[in-house]
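From first to last, the protein sequence lines are chains A and B. The first sequence: position 285 = 285 (our numbering), numbered continuously. The second sequence: position 178 = 486 (our numbering), numbered continuously. Glycine included, C-beta positions come from ideal geometry on N, C-alpha and C. Note that the structure is a prediction, hence the values are computed from the model and not measured. What follows is a short report on a single structure.
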Amino acid sequence: MDEVMIVALLVATLRAAAPLILAGLGELVCERAGVLNLGVEGMMLVGAMVGFAATLTSGSVWLGLLAAMLAGAAMAGVFAVLTIGLAANQVASGLALTIFGVGFSALFGAPYQSHPIPGLATVVFPHLSAAAPLVQQLLLIDPLVWLALAAPFLAGRFLDRTRAGLILRAVGESAEVAHALGYKVMRIRALATVFGGAMAGLGGAYLSLAYTPMWTENMVSGRGWIALALVVFSTWKPLLLALGAVLFGFVTIAGFQAEAWGIPLAPNLLATLPYLATILVLVLISRDTLRLKLNAPAALGKPFHPAG
Amino acid sequence: MRLERRAAASAAMAVLAPVIAVMLAGLGAAALFAALGRDPLACLYTLFIAPLADGNGWSELGLKATPLLLCAMGIAVGVRANVWNIGAEGQFTMGAIAGAAVALGLGDAGWFVLPLVLVAGVAGGAAWGGVAAWLRTRCNAHEILVTLMLSYVAIQILGWLVRGPMQDPEGFNFPQSPMFAASAMLAPLFEGGRVTGALVLALLTVPAGAVLLDRTVAGYRLRVVGLAPGAARYAGFSERRAVWFCLLLSGGLAGLAGVCEVAGPIGQLMPSISPGYGFAGIIVAFLGRLRPVGILFAAVLMALLYLGGESLQITQQLPLAATGVIQGMLLLFLLAADVFTLFRPRFSRSHGDG
Numbered sequence: 001m002d003e004v005m006i007v008a009l010l011v012a013t014l015r016a017a018a019p020l021i022l023a024g025l026g027e028l029v030c031e032r033a034g035v036l037n038l039g040v041e042g043m044m045l046v047g048a049m050v051g052f053a054a055t056l057t058s059g060s061v062w063l064g065l066l067a068a069m070l071a072g073a074a075m076a077g078v079f080a081v082l083t084i085g086l087a088a089n090q091v092a093s094g095l096a097l098t099i100f101g102v103g104f105s106a107l108f109g110a111p112y113q114s115h116p117i118p119g120l121a122t123v124v125f126p127h128l129s130a131a132a133p134l135v136q137q138l139l140l141i142d143p144l145v146w147l148a149l150a151a152p153f154l155a156g157r158f159l160d161r162t163r164a165g166l167i168l169r170a171v172g173e174s175a176e177v178a179h180a181l182g183y184k185v186m187r188i189r190a191l192a193t194v195f196g197g198a199m200a201g202l203g204g205a206y207l208s209l210a211y212t213p214m215w216t217e218n219m220v221s222g223r224g225w226i227a228l229a230l231v232v233f234s235t236w237k238p239l240l241l242a243l244g245a246v247l248f249g250f251v252t253i254a255g256f257q258a259e260a261w262g263i264p265l266a267p268n269l270l271a272t273l274p275y276l277a278t279i280l281v282l283v284l285i286s287r288d289t290l291r292l293k294l295n296a297p298a299a300l301g302k303p304f305h306p307a308g
Numbered sequence: 309m310r311l312e313r314r315a316a317a318s319a320a321m322a323v324l325a326p327v328i329a330v331m332l333a334g335l336g337a338a339a340l341f342a343a344l345g346r347d348p349l350a351c352l353y354t355l356f357i358a359p360l361a362d363g364n365g366w367s368e369l370g371l372k373a374t375p376l377l378l379c380a381m382g383i384a385v386g387v388r389a390n391v392w393n394i395g396a397e398g399q400f401t402m403g404a405i406a407g408a409a410v411a412l413g414l415g416d417a418g419w420f421v422l423p424l425v426l427v428a429g430v431a432g433g434a435a436w437g438g439v440a441a442w443l444r445t446r447c448n449a450h451e452i453l454v455t456l457m458l459s460y461v462a463i464q465i466l467g468w469l470v471r472g473p474m475q476d477p478e479g480f481n482f483p484q485s486p487m488f489a490a491s492a493m494l495a496p497l498f499e500g501g502r503v504t505g506a507l508v509l510a511l512l513t514v515p516a517g518a519v520l521l522d523r524t525v526a527g528y529r530l531r532v533v534g535l536a537p538g539a540a541r542y543a544g545f546s547e548r549r550a551v552w553f554c555l556l557l558s559g560g561l562a563g564l565a566g567v568c569e570v571a572g573p574i575g576q577l578m579p580s581i582s583p584g585y586g587f588a589g590i591i592v593a594f595l596g597r598l599r600p601v602g603i604l605f606a607a608v609l610m611a612l613l614y615l616g617g618e619s620l621q622i623t624q625q626l627p628l629a630a631t632g633v634i635q636g637m638l639l640l641f642l643l644a645a646d647v648f649t650l651f652r653p654r655f656s657r658s659h660g661d662g
């Protein structure tokens, strides 16, 4: 393997990891505040579709990304009203959000199906497309990948080193105590949920605007659920989540590369690898019951309603 | 408006909530059709009424209600015990695959083929659910994510089989298996319709489920494990057994649903054998209040939604995904309406938290 190939593999891995990191971090922050939103897959799909449609109509990738984040945030807002405002079951509400998102994105995305657009990387450096192969590979690291690489540090710093992060964690550990201390538990949880939605929307838009770049029905294909699994795997720590996502990116890319490397496996079977890896990762982390219990936000998934 | 917890769950609201949710989803659907530039009333008529205009429509309704009822019944028993099997779609697929393997292997060997095909389907689905049960009880891996991941795996395995080992050698390279022999197939219940005896099997789960949940010690234990895990542990009710029981049962029922589809209306293995019955089963379970009789009504309604969605596709050129949006809205509205089962709205000037 020469340099260009190794760099290409690394870049491809990071590109595959970026949507998982973005969506996973959003969910991680949301879960740290005590809210379990199983709607990540649906929010990513709607983000991917809205981001693509907005880019195509406005001609600006950045407006597309913004629209995707707003769409994800809006869906999370619905979830927040249901689970925080109305104290509905979080598991069922998250599933409903995903079912809705799968249908909504397929229905309103139908006119945009398989319509290619210039991807994010090529938009940013249009005049450098004739550069050397190595440079070309590096140019595929688009701004969102850089963001995905920086975000875990930012999120870690926010959660561990800022007052707002401390309050958010307090809400996730014990809503009652946080409430007694005078913090607006429901408002904080709603904000964290909406942030998670915006990040999921951004992660989805990465798929349709940079990774592929085009919109196809159901294109997120389980990445939202993998992001959820990565949050558990990371024991709710941003840096570990990024590491896990990169590992997953590598498994995905290795699947694509397997044929080139002479591994004779049917494409359908190779496609099972990320899902099997998710199960494996879950099993490995969950065996350590104590570690999970120590790290999981204590009030995760528990609705809170102030007495009165 | 503030919410005040009721002393006891409101029985009236428990029944009313699904009705309210269906009406709101109908309004939502009308808004959706209007947004898509269609005549809302004509679309609603096509969705809910036109499919039942003739006998064939009723037969198709039964056909679609069958897998929904089977999947939802298993899911509901699980949720009562706080075991979340959301991978019925995968167990459905594995049931279909296992049944197809037996059907294709035995060919037209005799009357005993069909029972073996059905048993294989149940076993295939239960085995796929069993994997999740094993990983949960042995390794503590949560069944929500595991059953879902296993669904994606099962669908890929199906895709591989119909392009590889189980592909029809005389099928012009189409991704599908040979047609099953007549002795491996469920016969239609009556001439001209496609609904099979599977509907009878599915209907039998209603009294069986009611007896299990409300009249047996086993059902009582499941409910205690779900409602009060601490008390269940104290009473010596094993959570491990509840997990195994629920996942094997719901996996087996979903597997039966799958095998009944391929050995019924479809007649062979194809890459896509389910329009999301396994996932819709979750909605059906909740809409039916996790109770067998309620689930029967909910399954029929959801079947109508599928049927109407197909008519909308034909007469109004609306994508099938419209059904998914309406399904999602239905569950969201239900969860919202359900709040008033446990809480009572209070209108006052004072402000609560956030």
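query	result
8 angstroms Cβ cutoff met for Val220 of chain A and Glu41 of chain A	yes
Amino acids of chain A, ordered along the chain, whose beta-carbon sits closer than 8 angstroms to that of Phe655 of chain B	Neighbours of Phe655 of chain B on chain A: none; closest Cβ ~14 angstroms, over 8 angstroms.
Phe651 of chain B, DSSP secondary structure in three states	strand
Buried/exposed call for Phe655 of chain B, threshold 16 Cβ in 10 Å	exposed
Assigned exposure category for Gly262 of chain A - 16 Cβ within 10 Å defines buried	exposed
Arg287 of chain A: contacting residues in chain B (beta-carbon distance under 7 angstroms)	Cys447 and Asn448
Test: Pro496 of chain B CB closer than 8 angstroms to a CB of chain A	no
Proximity to Val387 of chain B [Cα-Cα], best of B:Asn448, B:Phe605, B:Pro600 and B:Gln624	B:Pro600
Beta-carbon neighbours of Ala632 of chain B, restricted to chain A and to distances below 8 angstroms	Looking at the sequence provided, one finds Gly at residue 632 of chain B rather than Ala. Chain A residues near Gly632 of chain B: Ile99, Phe100, Val102, Gly103, Phe104, Ala106 and Leu107.
CB contact check: Thr252 of chain A to chain B, cutoff 8 angstroms	no
Alpha-carbon to alpha-carbon, Leu469 of chain B and Ala489 of chain B	19 angstroms
Check whether Ala33 of chain A and Val231 of chain A have beta carbons under 8 angstroms apart	no
Ala588 of chain B and Gly596 of chain B closer than 8 angstroms at C-beta	no
Whole-number beta carbon distance between Cys379 of chain B and Ala404 of chain B, since they are thought to touch under 8 angstroms	Not a contact, Cβ separation roughly 13 angstroms.
Beta carbon of Ala329 of chain B nearer than 8 angstroms to that of Ala645 of chain B	yes
Of the listed residues B:Pro537, B:Gly407 and B:Leu650, nearest to Asn390 of chain B (C-alpha basis)	B:Pro537
Segment contact, 8 angstroms Cβ cut-off, at least three pairs: the segment 544–562 of chain B with the segment 435–452 of chain B	yes
Cβ-based contacts, 8 angstroms cut-off: residues of the segment 378–403 of chain B near chain A	Trp392 and Ile394
Of the listed residues B:Thr354, B:Met493 and B:Gln621, nearest to Gly415 of chain B (C-alpha basis)	B:Met493
Three-state class that DSSP yields for Arg599 of chain B in the structure shown	coil
Neighbour flag for Arg471 of chain B against chain A, beta carbons, 8 angstroms	yes
At least three beta-carbon pairs within less than 8 angstroms, the segment 135–153 of chain A to the segment 19–26 of chain A	yes
From A:Asp160, A:Pro143, A:Val194 and A:Thr83, residue whose alpha carbon lies closest to that of Gly72 of chain A	A:Val194
Chain A contact for Gly662 of chain B (CB, 8 angstroms cutoff)	Only weak support exists for where Gly662 of chain B lies, its pLDDT of 43 falling under 50; the value from the coordinates is given anyway. Taking Cβ atoms only, chain A reaches closer than 8 angstroms to Gly662 of chain B, which makes this a yes.
Exposure label - Arg541 of chain B; buried when at least 16 CB within 10 Å	exposed
Pick from A:Leu65, A:Leu82, A:Leu36 and A:Leu66 that is closest to Val91 of chain A, judged by C-alpha positions	A:Leu36
Inter-stretch contact (C-beta, 8 angstroms, three-pair minimum) for the segment 207–226 of chain A and the segment 46–55 of chain A	yes
Where Arg157 of chain A sits in the DSSP three-state scheme	helix
CA-to-CA distance, Leu166 of chain A to Ala298 of chain A, given in whole angstroms	14 angstroms
CB contact check: Pro515 of chain B to chain A, cutoff 8 angstroms	no
Per-residue DSSP class, three states only, for Pro267 of chain A	helix
Classification of Pro213 of chain A by the beta-carbon crowding that lies within 10 angstroms, buried from 16 upward	buried
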